[in-house]
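Read the structure below first, then the notes.
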Amino acid sequence: MQPHKALFLALAAALSLSGCVVSGGGLEEAVDQTATNSIHPKAAAAQAPAPSSIEQSDQNTVRNAVSAANMQGADSSTMAWANADTGASGVITSIQERRAGNMICRQFRTSRQRFDGVALYDGEACTKGQGEWTLTRFSEGS
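Under our numbering, the first residue of the sequence shown carries the number 3, and numbering increases by one thereafter.
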């Protein structure tokens, strides 16, 4: 083989192979960035219920249980409650009713068990207006 032909073939092979190494922007261009049927992380976080709405839901469930308590019953001082929306449950104890004119108030103590632990609360629910009940006090006790 002639020396010029061998040199020419070696240079041609080297140049053609070096084109594969130098060309292209790397692996970033090979990744498809198209988003289909995806949920944006911020949108998913916005849909999660806020802790205050969970607390409010549990408080409403306790208020409804206290207002529905039969104070004339044999065991009117304790009753269980459960909130299917939050998974919380508890036992209301020490329900004491007092009346002032047309207003009825019931003081109580309740436990609350849910995913983050157990807590005790002291509260009071009173009627207002046409017999609608509202929580006038609901605070974590000891």
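All C-beta atoms in this analysis are idealised placements derived from N, C-alpha and C, irrespective of residue type, glycine included.
Per DSSP, what are the beta-bridge partners of residue i in this structure?
i	result
Gly119	Arg116
Gly92	Trp83
Ala127	Arg108 and Leu137
Gln98	Gln109
Glu142	Tyr123
Thinking residue i and residue j are a contact (beta carbons under 8 Å), I'd like their distance in whole angstroms, please.
i	j	result
Ala67	Met81	6 Å
Trp135	Ser59	Not a contact, Cβ separation roughly 16 Å.
Ser141	Tyr123	7 Å
Phe110	Gly133	Between Gly133 and Phe110 the Cβ distance is about 18 Å, and since that is not below 8 Å, they are no contact.
Thr36	Ile56	Between Ile56 and Thr36 the Cβ distance is about 37 Å, and since that is not below 8 Å, they are no contact.
Excluding the five sequence neighbours on either side, which residues of its own chain have a C-beta within less than 7 Å of the C-beta of residue i, listed in chain order?
i	result
Gly92	Trp83, Thr112, Ser113, Arg114 and Gln115
Lys130	Thr136
Who are the Cβ neighbours of residue i in its own chain at under 6 Å, not counting the five residues just before and after it?
i	result
Glu99	Met73 and Arg108
Ala50	Low per-residue confidence applies at Ala50: pLDDT is 47, beneath 50, and the placement is therefore not dependable, though the value from the model is reported in the following sentence. Counting only Cβ-Cβ distances below 6 Å, and skipping sequence neighbours, we find nothing.
Thr138	Glu126 and Cys128
Skipping 5 residues on each side, what residues in its chain have a beta carbon closer than 8 Å to that of residue i?
i	result
Ser79	Thr95, Ser96 and Ile97
Ala71	Ser78, Met81, Ile94, Ile97 and Arg108
Asn85	Ser59, Asp60, Thr63 and Ser91
Asn104	Thr129
Establish whether the CB of residue i and some CB of chain B are separated by less than 8 Å.
i	result
Arg101	Protein chains in the displayed structure number just one, and chain B is not present.
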